[in-house]
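Each protein sequence line maps, in turn, to chains A and B. 1 is the number of the first residue of the first sequence in my numbering; add one for each residue after it. 199 is the number of the first residue of the second sequence in my numbering; add one for each residue after it.
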Amino acid sequence: MLPDFPSVKAHLGVALIRWTQEQVPQIAPLLGQIGSFHQHEGKRGHLSRADQSSDEVRYEPHRFEFVLTREEMRKTDLPALFAKLRKLAEQIADAQSTLMYTRISEAVEPIGNTVDAGGDFQPKHFFEMLSQIQMEFDPATGKPTGHVFSMHPDTAAKVIPKLQAWEQDPAFKEEYERILEEKREEWRVREDRRKLVD
Amino acid sequence: MFERIVENWLTRAGEKGYQTPFTQLLSIEGHRVLQGPAHFPFEHGKDMITLDPERKLNAFQLKGGDQNLENIEAIEPQLLALAAGAVTYPGFEPPRRPDRVALVVSGTLTPPARDRIANFNHANRALGIGPIEVIEKEQLVARFVAAQGGYLPTEPTDLSNLLKFYLSDGKGPFPMREVLALIADIVKPRREKPPNTEFARSIGSSLLLTAYAVAPWQRTGNHLAVAEAWLALSSGILRVASEMSLSEEIWKESYDLAFGAGRAALRELLDECAAADDLTIPDLVEGIVYPTRALLVCGYLSAFYLSERELGTEAQIAEPVKKVLRRELQFIKMIGESGAPYALSIGTALELLDEAEQGRLLVARYAASLARANQNDSNAAIPDPYHSFEDCLKRIAGADVALMDEQFDGNAYTLHVALEWLARRAERDVVTDLWPLATRLTLCEFRPSSPAKYLSHKDEEGVLKMWQANTPQSWKSLTEAARALQESEVPGELWRNTAFLPYLCLLLPHRLTSAIAKAQDSLVAQELVAISLDMSAPGETSGVGEKAGP
Chain A
1 MLPDFPSVKA HLGVALIRWT QEQVPQIAPL LGQIGSFHQH EGKRGHLSRA
51 DQSSDEVRYE PHRFEFVLTR EEMRKTDLPA LFAKLRKLAE QIADAQSTLM
101 YTRISEAVEP IGNTVDAGGD FQPKHFFEML SQIQMEFDPA TGKPTGHVFS
151 MHPDTAAKVI PKLQAWEQDP AFKEEYERIL EEKREEWRVR EDRRKLVD
Chain B
199 MFERIVENWL TRAGEKGYQT PFTQLLSIEG HRVLQGPAHF PFEHGKDMIT
249 LDPERKLNAF QLKGGDQNLE NIEAIEPQLL ALAAGAVTYP GFEPPRRPDR
299 VALVVSGTLT PPARDRIANF NHANRALGIG PIEVIEKEQL VARFVAAQGG
349 YLPTEPTDLS NLLKFYLSDG KGPFPMREVL ALIADIVKPR REKPPNTEFA
399 RSIGSSLLLT AYAVAPWQRT GNHLAVAEAW LALSSGILRV ASEMSLSEEI
449 WKESYDLAFG AGRAALRELL DECAAADDLT IPDLVEGIVY PTRALLVCGY
499 LSAFYLSERE LGTEAQIAEP VKKVLRRELQ FIKMIGESGA PYALSIGTAL
549 ELLDEAEQGR LLVARYAASL ARANQNDSNA AIPDPYHSFE DCLKRIAGAD
599 VALMDEQFDG NAYTLHVALE WLARRAERDV VTDLWPLATR LTLCEFRPSS
649 PAKYLSHKDE EGVLKMWQAN TPQSWKSLTE AARALQESEV PGELWRNTAF
699 LPYLCLLLPH RLTSAIAKAQ DSLVAQELVA ISLDMSAPGE TSGVGEKAGP
């Protein structure tokens, strides 16, 4: 047995794993906006929502490859290690994002909560989309909170200029405000229900 | 190696330190224990009375450490009472002298002391009084090792762990989970369907191992840690009994011994705390840990009171418990959800000690602080009940602990339990104030796969239930749900040993569920909980927000 430095290695190991996990939301910012939860025992979970819907929580194992050859081990310093771990974080971010979109599709498609623009995204598609989602608002400012539009970069390149142009159109703005007010009212009703009654 | 540990343990164990294991030793050797370790004025020199396998009546006087002539002269009246006094025990009529008597010392007798006993016996013989046998350390070591049977730590890792516990300084918390894991590993049945005698032996061995492991905490007088150790063992025995459907004759004697040792340690804790002006252990950073110590001590003393109430012996401890609670209540702070069972325990005890308002205020404050702290995106969220006080304190101190990587905002495991506790007491205003906050959280509860698993630290077959509180929530249905309990949700062994129930969630805070809290309240006042006897599947009921409401 050759001499070793186990406590230094253990400390660095923990720090590097934590650093890798911290990279994931930087690579996929949307994941960073989603809370995480640690289930300490048992392999099953069951979620019941306020609207009485419920789901089994399905955990899926993921495996990622991280290779460090003996030759690399002899000369890999911390910056080089960070570079390799960043690649590992990219794999994790990719897997988590894919799983998230899969789960969203599984949830919305069977109940028809989808909008198909057929490759030509128009204001009506945008408004239909807004109408179908539940919106939350900041009680102090009355502005919508916690909503994110997630698009493929190619789609974003086409859609964002369109949205910017539509925003200049008074009719578009009026319809947008009308839907927003509808959503605000729905939110107020929901908020008002957060109470005890007889 | 193990022999050396036992020898060293005996050398350093005071009288109290080896009373319980010696009783267990006799039990393993086939004695029926009629009277366990007792120190009352009416004990007539007899610490223990047993019926041996030959149906002979035995009486024992126990002393800790080496004994010289002076020591023996000091206890001569006790020795005379031991040998000449009659045993009065229900079922043994008329009272009669024991057939065998022994002076047991955990050390050795000096030659003059041994000579004095011989003379004492010689003089007594002329009066028709039987001789006093002397049992010393060397014999005890051999008997303890033999009693352990096959349930010995023989693997280097087990021995190393036992040594690690044994060599601890005894100042910190008792490493309950680690010790119980070690014991479980050593005493697990060696074959698939072991006979009852093997179960009894393995349970008895676990008690002896606990005695060795807890020795450092016993020596430093860390009564709370000692109590935790014995109560954790009691819980382990109940779990095995419950899971294996063992008959009481296999495990009850060991359980009673372990539980009795836990009660004795808590009595010492109470005496220490009541006699002191505060709970301070002077240190530069004492202020950081004091509120948690206050919670820990008050929680255990409250559970002690509630448990003794089940045994009908609470009257003698009521005043000192009340004194400590009233003095320390103002210093208590919650640093994690593992504090919830402590808060409920203190709140319930205060209620019964004519301080109901203070008790309800404490629980209401806990519920309010949890509901606010754990809101989504909060950076002040407190850890879930799976994390010990020590880890929560380390987190506050910035130490690198596992829970640093976890997020706790948006979830709460114990809020619904606290709200139900308040609802059972018709505290509608408090619940009304907190309900909007509760509806923004995901409420969680781990439902064990069987009632027996409530006594287990981990259950991989159980299911984590998560739900959102109803919007709106009917107060009527909330109170109804908060009061409804199916008997089958709680392990039968807990219903049969209700004195243990107040301790369960102090030992295993993540086992504080709606059902267990209701069971605990059912001991307090019958009108608080309506218990139904239907036989539906356990683990599928209760959970205030989940089932109650429109």
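Ideal placement from N, C-alpha and C gives every residue a C-beta, glycine not left out.
Return the chain-ordered list of same chain residues with a C-beta closer than 7 Å to the C-beta of residue i, the five sequence neighbours on each side being excluded.
i                      : result
residue 208 of chain A : Outside the shown range of chain A, which is 1 to 198, sits residue 208 of chain A, and nothing can be said about it.
residue 39 of chain A  : 45
residue 383 of chain B : 356
residue 484 of chain B : 478
residue 239 of chain B : Here the model assigns residue 239 of chain B a pLDDT of 48, short of 50, so the residue's position is not dependable, and the following value carries that caveat. Hits under 7 Å: none found.
residue 165 of chain A : none
residue 234 of chain B : 221, 246, 455, 458
residue 556 of chain B : 527, 548
residue 89 of chain A  : 20, 23, 24, 27
Starting from the C-beta of residue i, find all residues in its chain whose C-beta is less than 6 Å away, skip the five residues before and the five after it, and write them out in chain order.
i                      : result
residue 459 of chain B : 218, 428
residue 576 of chain B : 607
residue 207 of chain B : 410, 413
residue 823 of chain B : The first residue shown for chain B is 199 and the last is 748, placing residue 823 of chain B beyond what the model contains.
residue 581 of chain B : 534, 590, 601, 606
List the residues of chain B whose Cβ lies closer than 8 Å to the Cβ of residue i, in chain order.
i                      : result
residue 197 of chain A : 670, 671, 672, 673
residue 96 of chain A  : Within 8 Å Cβ-Cβ: nothing; residue 96 of chain A doesn't reach chain B, min ~15 Å.
residue 21 of chain A  : 603
residue 190 of chain A : 669
residue 49 of chain A  : 665, 666
residue 184 of chain A : Neighbours of residue 184 of chain A on chain B: none; closest Cβ ~17 Å, over 8 Å.
So which residues on chain A does residue i lean against when the C-beta distance must stay under 8 Å?
i                      : result
residue 599 of chain B : Result: empty, since nearest Cβ-Cβ is about 10 Å, beyond 8 Å.
residue 633 of chain B : 194, 195, 196
Roughly how far, in whole angstroms, is the beta-carbon of residue i from the beta-carbon of residue j, given that I think they are within contact range, below 8 Å?
i                      : j                      : result
residue 405 of chain B : residue 222 of chain B : 5 Å
residue 444 of chain B : residue 408 of chain B : Incorrect: roughly 19 Å between the Cβ atoms, too far for contact.
residue 749 of chain B : residue 704 of chain B : Here chain B has residues from 199 to 748 only, and residue 749 of chain B is not among them.
residue 626 of chain B : residue 573 of chain B : Residue 626 of chain B to residue 573 of chain B, Cβ: 23 Å. No contact.
residue 339 of chain B : residue 204 of chain B : 5 Å
residue 566 of chain B : residue 632 of chain B : 6 Å
residue 282 of chain B : residue 508 of chain B : The pair is not a contact, with the Cβ atoms about 38 Å apart (cut-off 8 Å).
residue 195 of chain A : residue 670 of chain B : 5 Å
So residue i contacts chain A; which residues on that side make the cut at Cβ distance below 9 Å?
i                      : result
residue 659 of chain B : 42, 43, 44
residue 604 of chain B : 36, 37, 38
residue 313 of chain B : In chain order: nothing, as chain A lies at least about 57 Å away.
residue 584 of chain B : 38, 40, 41
residue 637 of chain B : 50, 193, 194, 195
Give the residues of chain A in contact with residue i, contact being defined as C-beta atoms less than 7 Å apart.
i                      : result
residue 663 of chain B : 46
residue 656 of chain B : 41
residue 608 of chain B : 35
residue 629 of chain B : 196
residue 644 of chain B : 41, 42
Whose Cβ in chain B lies nearer than 7 Å to the Cβ of residue i?
i                      : result
residue 193 of chain A : 669, 670
residue 103 of chain A : In chain order: nothing, as chain B lies at least about 16 Å away.
residue 18 of chain A  : 603
Apart from the five residues just before and just after residue i, which ones in its own chain have a Cβ nearer than 8 Å to its Cβ?
i                      : result
residue 452 of chain B : 222, 225, 398, 401, 402, 404, 405, 435
- Can you give, in chain order, each stretch of the alpha helix (DSSP H) that sits fully within the segment 393–441 of chain B and has at least 4 residues? 394–417, 421–441
- Tell me the start and end of each unbroken alpha helix (DSSP H) in the segment 482–555 of chain B that is at least 4 residues and wholly inside, in chain order. 484–509, 513–526, 538–550
- Task: May I have a chain-ordered list of the beta strand (DSSP E) segments no shorter than 3 residues that lie completely inside the segment 601–661 of chain B?
- Result: 640–645
- Does the pairing of the segment 291–301 of chain B with the segment 311–329 of chain B give three or more beta-carbon distances under 8 Å? yes
- Item | beta strand (DSSP E) runs wholly inside the segment 4–73 of chain A, at least 3 long, in chain order | 44–48, 54–57
- Cβ contact check for the segment 271–282 of chain B and the segment 168–188 of chain A: 3 or more pairs under 8 Å: no
- Item | Contact between the segment 427–442 of chain B and the segment 455–472 of chain B (3+ Cβ pairs under 8 Å) | yes
- Query: Would you say the segment 411–418 of chain B touches the segment 209–216 of chain B, given that touching needs at least three Cβ pairs under 8 Å?
  - Reply: yes
- Query: Touch check for the segment 595–602 of chain B and the segment 542–562 of chain B: three-plus C-beta pairs under 8 Å?
  - Reply: no
- Message: Measuring CB atoms only, is the segment 482–501 of chain B touching the segment 526–535 of chain B, in the sense that at least three cross pairs come out at less than 8 Å?
- Response: yes
- Does the segment 638–646 of chain B come close enough to the segment 659–669 of chain B that 3 or more CB-CB pairs lie under 8 Å? yes
- Message: Check whether the segment 253–266 of chain B and the segment 278–297 of chain B touch, using three or more Cβ-Cβ pairs below 8 Å as the test.
- Response: yes
- Query: Should the segment 581–598 of chain B be regarded as contacting the segment 618–631 of chain B, the criterion being three or more beta carbon pairs within less than 8 Å?
  - Reply: no
- Item | Continuous beta strand (DSSP E) assignments of at least 3 residues falling wholly in the segment 663–706 of chain B | 682–684
- Message: If contact is defined by three or more beta carbon pairs under 8 Å, each pair taking one atom from either stretch, is the segment 551–567 of chain B in contact with the segment 715–731 of chain B?
- Response: no
- Task: State whether the segment 359–368 of chain B contacts the segment 308–317 of chain B, with contact taken as three or more CB pairs (one from each stretch) at a distance under 8 Å.
- Result: no
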